[in-house]
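Take a look at the structure set out below.
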Amino acid sequence: MKVLVLNCGSSSIKYKLYDDDQQLAEGLLEKIGTAQAQLNHTVSGQKKTVSVHEILEHRAGIELILNVLQDPEKGVVKDIEEIQAVGHRVVHGAESFSESTLITPEVIAKIEECIDIAPLHNPPNLAGIYAISQLLPQVPQVAVFDTAFHQTMPDKAFVYAIPYVFYTRDHIRKYGFHGTSHYFVAHEAATMLGRPIDELKLITCHLGNGSSVAAVDRGKSVDTSMGFTPLEGLPMGTRSGDIDPAVPLYIMDKEELNLQQINALLNKHSGVLGISGISNDFRTLEDEAAKGDKRAALALEVFCYRLKKYIGSYIAAMNGVDAIVFTGGIGENSDVVRDMVASDMEFLGVQLDADKNRAKERGKAADISKASSRVKVLVIPTNEELVIARDTRRIVSET
Ligand code: AMP
């Protein structure tokens with residue numbers, strides 16, 4: 010079955026076209042809302058093509074993508090009617106969705122209700138859904154939620170210690186994100202370990218531009234570091250992560266900042282960028298730290314120390330762990346970060362193999378722990394789009 014996977018952001022659309030599990034093409038349309046929107050399109054196994062277009066909104070962007078997919082030269086289908094289903098990444102499903110679902114008018118209404126708590130993310134996701142409803146009205150659509158996998162968290166993990174009415178009335182609680190990635194690598198880890206997932210305690214670390222950790226007990230997420238929004242948890246490229254909640258109040262008062270300004274400070278100017286003053290990119294930070302830049306080194310240390318503490322707390326929460334999994338751009342590619350996080354944890358049964366860690370090949374899964382390590386340390390490339398394609402195929406076949 011040919012399934013188009015769409016991930017619509019505020020000014021970008023990522024897409025992948027699958028035929029069953031085989032990826033036929035992928036691409037990224039950026040700078041939507043301008044006359045200089047750039048489309049990077051790649052047919053699997055071929056070179057990327059780049060083109061510039063005037064694309065003022067998402068519907069025009071998706072029309073362009075559909076045209077490229079059936080283009081006689083750059084395309085991979087003869088006719089767009091070959092696409093049998095479309096799967097959408099939807100960021101926030103709140104408590105309404107604990108699994109992927111076929112999109113119906115009722116489902117759309119519920120995703121619209123979640124705009125209140127995900128004002129940046131859900132509107133562009135919905136724009137993608139509306140556009141497909143108009144452009145391919147016969148094609149079934151499926152929503153796969155970033156929050157769904159974490160809906161199994163017990164209330165002791167998701168309730169914030171603020172007046173309870175804010176949970177019951179305003180739905181303020183920990184939701185967690187990156188669920189599709191945590192789900193995928195947890196299942197891949199079980200396959201690598203050759204054990205059923207319902208026997209395993211896993212800690213999955215998705216480390217990329219946004220980073221989060223999850224405690225996965227017998228296949229179910231029981232805790233995760235991101236919260237009501239993706240700002241909570243680990244420090245990230247430009248996000249502060251956990252912070253004394255009094256700090257933003259103090260800064261707002263002292264610097265006379267309004268809500269938008271403090272929001273931008275915590276989301277766009279903090280994290281490892283804020284500490285280092287140099288970059289949010291871990292490659293740059295590692296290079297500068299190696300050259301002696303103290304703040305770049307400190308940024309890396311803060312990030313890794315905080316992750317180590319999360320891992321320790323999740324081992325305590327689950328009363329053990331069988332494997333720690335690294336994924337995402339940093340988790341998959343930075344042996345420096347993996348070493349700083351997973352070394353000196355022998356007390357907890359974690360023995361990193363420094364040579365295997367350094368030698369890990371790009372893009373490949375690997376076990377980087379010593380043979381004697383009670384807790385395995387795994388690196389597994391994530392593939393959120395593949396999960397979306399599979400869920401879409403399964404749900405559409407069942408209906
Ligand atoms: P993602 O959001 O998962 O695509 O991850 C993107 C981030 O991964 C980038 O901002 C980089 O900081 C990081 N990254 C990618 N490659 C490397 C690498 N070889 N070493 C360290 N960090 C990397």
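Counting along the sequence shown from 1, when you hit position 270 you're at 279 in this note's numbering, and nothing is skipped either side.
Backbone N, C-alpha and C define an ideal beta-carbon position, used for all residues, glycine too.
- Query: Whose CB is closer than 5 Å to a heavy atom of the ligand PLP? List the residues in chain order.
  - Reply: Within the structure as shown, the ligand PLP is missing, the only ligands being the ligand AMP.
- Message: Can you list, in chain order, the residues of its chain with a C-beta nearer than 6 Å to that of E39? Leave out the 5 residues immediately preceding and following it.
- Response: Counting from one through the sequence shown, the residue named residue 39 turns up at place 30. So the qualifying residues of the chain are S21 and Q47.
- May I ask you to report which of helix, strand or coil DSSP gives D232? For this step, residue 232 is matched to residue 223 along the sequence shown. DSSP places D232 in strand when its eight states are reduced to three.
- Message: Checking the sheet assignment: what are the DSSP bridge partners for M354?
- Response: Numbered from its first residue, the sequence shown carries residue 354 at position 345. Answer is V359.
- Under 7 Å Cβ to Cβ from M261, same chain only, skipping five residues before and after it: list those, please. Here residue 261 corresponds to residue number 252 of the sequence shown, with the count starting at 1. Within the same chain, M261 has close Cβ partners I271.
- Quick one: what does DSSP say L135 is sitting in, helix, strand or coil? Taking the first residue of the sequence shown as 1, we reach residue 135 at position 126. Helix at L135.
- Message: For E82, report the span of its alpha helix (DSSP H) as first-last.
- Response: Mapped onto the sequence shown, residue 82 falls at position 73. Element bounds for E82: n/a, residue is neither H nor E.
- Using a Cβ-Cβ cut-off of 6 Å (strictly less than) and excluding sequence neighbours within five positions of E386, which residues of its own chain qualify? On the sequence shown, position 377 is the one that residue 386 refers to. Note on residue identity: the sequence assigns Val, not Glu, to residue 386. Here the set comprises I333, A351, L361, I377 and S378.
- From what residue to what residue does the alpha helix (DSSP H) around H2 run? Shown here, the chain extends from 10 to 408; a query on residue 2 therefore has no answer.
- alpha helix (DSSP H) segment containing Y192, residue limits: Against the sequence shown, residue 192 aligns to sequence position 183. Segment G188 to L202, the alpha helix (DSSP H) holding Y192.
- Task: Closer than 7 Å by C-beta to G372: which residues in its own chain qualify, once you throw out the five before and the five after it? Chain order, please.
- Result: For this step, residue 372 is matched to residue 363 along the sequence shown. Contacts found: P390.
- Task: Classify I112 as helix, strand or coil using the three-state DSSP reduction.
- Result: On the sequence shown, residue 112 is found 103 positions in, with the first residue counted as 1. Here I112 sits in coil by DSSP.
- Coil, strand or helix - Y27 by DSSP: What you label residue 27 is simply residue 18 of the sequence shown in a count that begins at 1. Y27 falls in the strand class under three-state DSSP.
- Under the assumption that T247 contacts H278 (Cβ atoms under 8 Å), give the Cβ distance between them as a whole number of angstroms. For the purposes of this step, residue 247 is taken as residue 238 along the sequence shown, with counting starting at 1. For the purposes of this step, residue 278 is taken as residue 269 along the sequence shown, with counting starting at 1. Correct: roughly 6 Å between the Cβ atoms.
- Item | DSSP-derived helix/strand/coil call for G96 | For the purposes of this step, residue 96 is identified with residue 87 of the sequence shown, where counting begins at 1. Secondary structure at G96: strand, using DSSP grouped into helix, strand and coil.
- Buried or exposed by the 16-neighbour rule on C-beta atoms within 10 Å, applied to G301: By 1-based counting over the sequence shown, the position of residue 301 is 292. Burial call: exposed.
- For the beta strand (DSSP E) holding T213, just list the boundary residues, first then last. By 1-based counting over the sequence shown, the position of residue 213 is 204. Start and end: K210 to L216.
- My understanding is that G329 touches K210, with C-beta atoms under 8 Å, so please give their C-beta distance in whole angstroms. For this step, residue 329 is matched to residue 320 along the sequence shown. For this step, residue 210 is matched to residue 201 along the sequence shown. 5 Å between Cβ atoms; contact.
- In whole angstroms, what is the alpha-carbon distance linking I284 and D296? Along the sequence shown, read from residue 1 onward, the residue named residue 284 stands at position 275. Along the sequence shown, read from residue 1 onward, the residue named residue 296 stands at position 287. The alpha-carbon atoms of I284 and D296 are separated by roughly 16 Å.
- Between the Cα of G70 and the Cα atoms of T401, P133, I324 and M354, which residue gives the shortest distance? Counted from its first residue, the sequence shown places residue 70 at position 61. Checked all of T401, P133, I324 and M354; the closest Cα to G70 is P133.
- Task: Determine the direct distance from the alpha carbon of C214 to that of G340, and round the result to whole angstroms.
- Result: Locating residue 340 in the sequence shown gives position 331, where the first residue counts as 1. Locating residue 214 in the sequence shown gives position 205, where the first residue counts as 1. Approximately 7 Å between the Cα atoms of the pair.
- M10 versus H159 - alpha carbon distance: Numbered from its first residue, the sequence shown carries residue 10 at position 1. Numbered from its first residue, the sequence shown carries residue 159 at position 150. Approximately 28 Å between the Cα atoms of the pair.
- Query: So, using beta-carbon positions, are C123 and H101 closer together than 9 Å?
  - Reply: Reading the sequence shown from its first residue, position 114 is the one you call residue 123. Reading the sequence shown from its first residue, position 92 is the one you call residue 101. A distance below 9 Å separates the beta carbons of C123 and H101.
- As assigned by DSSP and simplified to three states, the class of I64: In the sequence shown, counting from the first residue as 1, residue 64 sits at position 55. Of the three classes helix, strand and coil, the one that applies to I64 here is strand, per DSSP.
- Measure the CB-CB distance between V151 and A94 and report whether it falls below 9 Å. Translated into positions along the sequence shown, residue 151 becomes position 142. Translated into positions along the sequence shown, residue 94 becomes position 85. Their beta carbons are under 9 Å apart, which means V151 touches A94 by this criterion.
- Query: Just how far apart, CA to CA, sit N267 and P128?
  - Reply: Within the sequence shown, residue 267 is the residue found at index 258, counting from 1. Within the sequence shown, residue 128 is the residue found at index 119, counting from 1. Those two C-alpha atoms are separated by around 18 Å.
- What are the boundary residues of the beta strand (DSSP E) that T336 is part of? Taking the sequence shown and counting its residues from 1, the one referred to as residue 336 is at position 327. Counting along the chain, the beta strand (DSSP E) containing T336 begins and ends at A332 to T336.
- E208 burial status per 10 Å Cβ neighbour count (16 or more: buried): Position 199 of the sequence shown, counting from 1, holds the residue named residue 208. By the 10 Å Cβ count, E208 comes out exposed.
- Give the secondary structure of D376 by DSSP, where H, G and I count as helix, E and B as strand, and everything else as coil. As a working note, residue 376 is residue 367 in the sequence shown. Judged by DSSP in its simplified three-state form, D376 adopts strand.
- Task: Using only alpha-carbon positions, find the residue among D253, K303 and S249 that is nearest to V281.
- Result: Position 272 of the sequence shown, counting from 1, holds the residue named residue 281. The shortest Cα separation from V281 among D253, K303 and S249 belongs to S249.
- Item | Per-residue burial, N76 [other beta carbons within 10 Å of its own, 16 or more giving buried] | Mapped onto the sequence shown, residue 76 falls at position 67. It counts as exposed.
- Near V231, what residues of its chain come up, given a Cβ to Cβ distance below 8 Å and the 5 sequence neighbours on each side ignored? As a position in the sequence shown, residue 231 is number 222, starting the count at 1. Around V231: T161, M162, P163, A166, A224, V225, A326 and M327.
- Query: DSSP beta-bridge partners for T238?
  - Reply: Translated into positions along the sequence shown, residue 238 becomes position 229. Its beta-bridge partners do not exist; DSSP assigns none.
- Task: Alpha carbon to alpha carbon, how far is D251 from K119? Give it in angstroms, no decimals.
- Result: Here residue 119 refers to the residue found at position 110 of the sequence shown. Here residue 251 refers to the residue found at position 242 of the sequence shown. Computed Cα separation, rounded: 29 Å.
- Message: Quick check on this structure: which residue in E265, E264 and L309 has the alpha carbon closest to the alpha carbon of G286?
- Response: Stepping through the sequence shown from its first residue, residue 286 is reached at position 277. Taking the Cα of G286 as reference, the smallest distance to any Cα among E265, E264 and L309 is reached at L309.
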